[in-house]
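*Asks:* Before I ask anything, let me first share the structure, which is written out below as structure tokens.
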Amino acid sequence: MTPLTSLPDPDSSPAPDPDSAPRSGPVTTPSTTPVTTPTPAPDLTTAPAARFRDLLAAEWIKVWSLRSTPWTTGLTVLFVIGAAAVATLTDHAARSGPVDFRSFDAYPAAGYWTLMLVASSMGALTAVSEYSSGLIRTTTVAVPARGSVVLAKAAVTAALWTAVGTAASTGSFLVSQAILDGHHAGVPITHPGVLRPLVASALLAPVCALVGLALGVLLRHAAATMVTGVFVLLLLPTLFSETNRWSAGVRHALVAAAWNRLIQNWEPGPGFLGHPATVPGSWAVYALWPLLTIALAVLVVRRRDV
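Following our numbering, the numbering of the sequence shown begins with 27 at its first residue and continues without gaps.
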């Protein structure tokens with residue numbers, strides 16, 4: 027009789043070792059991900075600074091990107107020339123008197139006061155428009171040298187309005203003399219007493235435009251800048267006369283009075299009781315007003331936050 031043997035308990039059998047069990051299929055090895063080192067960000071402090079000619083190009087593009095610029099400058103020149111034509115046509119004394127250059131026919135106050143107003147306003151808008159739109163923040167971030175930005179604006183403004191003033195002054199002279207030639211009273215551009223009024227009238231536009239630009243940088247508000255420009259350039263000279271020395275001194279230090287003296291091609295007679303301005307002093311007024319106002323604007327914009 028065969029002895030009974032106990033069957034193995036399935037629960038007590040050892041579990042197979044997964045590491046020792048045979049594996050079917052290809053053997054894979056753990057993949058390794060390549061470690062990449064981050065590229066350092068470029069140091070913006072070592073970027074080359076904007077060159078001044080780049081600032082000039084940027085400001086030139088800003089000026090001519092406005093559709094109003096060619097229309098305003100063109101209509102202003104036509105208005106000034108038209109004012110000279112009207113003044114010459116209505117001056118009957120110029121046709122009957124001796125042949126001489128009559129500067130107030132070629133350069134009437136109505137036309138050139140309008141030129142002063144438009145030039146100062148457009149010069150102010152060059153700066154005020156950036157403050158009102160917020161573009162000045164982008165400009166100062168791109169170019170931290172704020173003084174250079176103001177100087178670039180001044181250079182472009184001076185170039186533009188020198189061209190406009192030259193066109194208006196030359197056109198006024200040619201039109202007025204063409205009208206007078208019909209009465210045999212015209213003079214050529216080489217006539218004595220013509221050059222100084224011609225140059226003074228041509229430079230009147232850039233002088234007023236630069237003053238307007240400086241006021242725009244200083245005040246930063248369109249209404250305040252326009253009112254101040256009109257008052258300083260046009261209204262203030264009418265408040266002072268040449269009868270008293272102190273009043274004449276204040277009047278002669280203003281741009282409008284300086285232009286009025288420079289286009290006057292005769293000297294005051296011995297019976298003149300006032301205190302007339304001098305020609306060198308009037309040229310000095312032309313030079314000092316834009317230089318001092320732009321210098322003040324550069325100084326302020328460097329110290330003031332945007």
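A virtual CB, placed ideally from N, CA and C, is assigned to each residue, including glycine.
Where does F127 land, buried or exposed, given buried means 16+ other C-beta within 10 angstroms?
*Replies:* F127 is buried by the Cβ-count criterion.
*Asks:* Going by DSSP in three states, G307 sits in which element: helix, strand or coil?
*Replies:* Helix.
*Asks:* Just to confirm my understanding: we take R172, look at its own chain, exclude 5 residues before and 5 after, and list those with CB closer than 7 Å. What are they?
*Replies:* Excluding sequence neighbours, R172 sits near T166, V327 and R328.
*Asks:* Leaving out five residues on either side along the sequence, give the residues of the same chain with a beta carbon under 6 Å from the beta carbon of A73.
*Replies:* Below a pLDDT of 50, predicted positions are generally treated as unreliable, and A73, at 48, falls in that range; no measurement from the model is reported.
*Asks:* Let me check understanding here. Comparing Cα to Cα, which of T319, A282, L104 and A168 lies closest to L229?
*Replies:* Nearest option by C-alpha distance: A282.
*Asks:* Just the C-alpha distance for T319 and G208, rounded to the nearest angstrom, thanks.
*Replies:* Going by the C-alpha atoms only, they are around 45 Å apart.
*Asks:* Along the alpha helix (DSSP H) that carries Q203, what are the first and last residues, could you check?
*Replies:* Unbroken alpha helix (DSSP H) run through Q203: R172 to D207.
*Asks:* Are A181 and L82 close, meaning C-beta to C-beta below 9 Å?
*Replies:* Yes, the Cβ-Cβ distance between A181 and L82 is below 9 Å.
*Asks:* Would G238 and A145 be called neighbours here (beta carbons separated by less than 9 Å)?
*Replies:* A contact, by the Cβ cut-off of 9 Å.
*Asks:* Return no unless some Cβ of chain D is closer than 9 Å to the Cβ of V253.
*Replies:* Going by chain labels, chain D is absent from the structure shown, which holds only one protein chain.
*Asks:* Whose CA, out of P316, L280 and V243, lies closest to the CA of F257?
*Replies:* If we check each option's Cα against that of F257, L280 comes out closest.
*Asks:* Give the straight-line distance between the Cα atoms of G212 and A132, rounded to the nearest whole angstrom.
*Replies:* Rounded to the nearest angstrom, the two C-alpha atoms are 11 Å apart.
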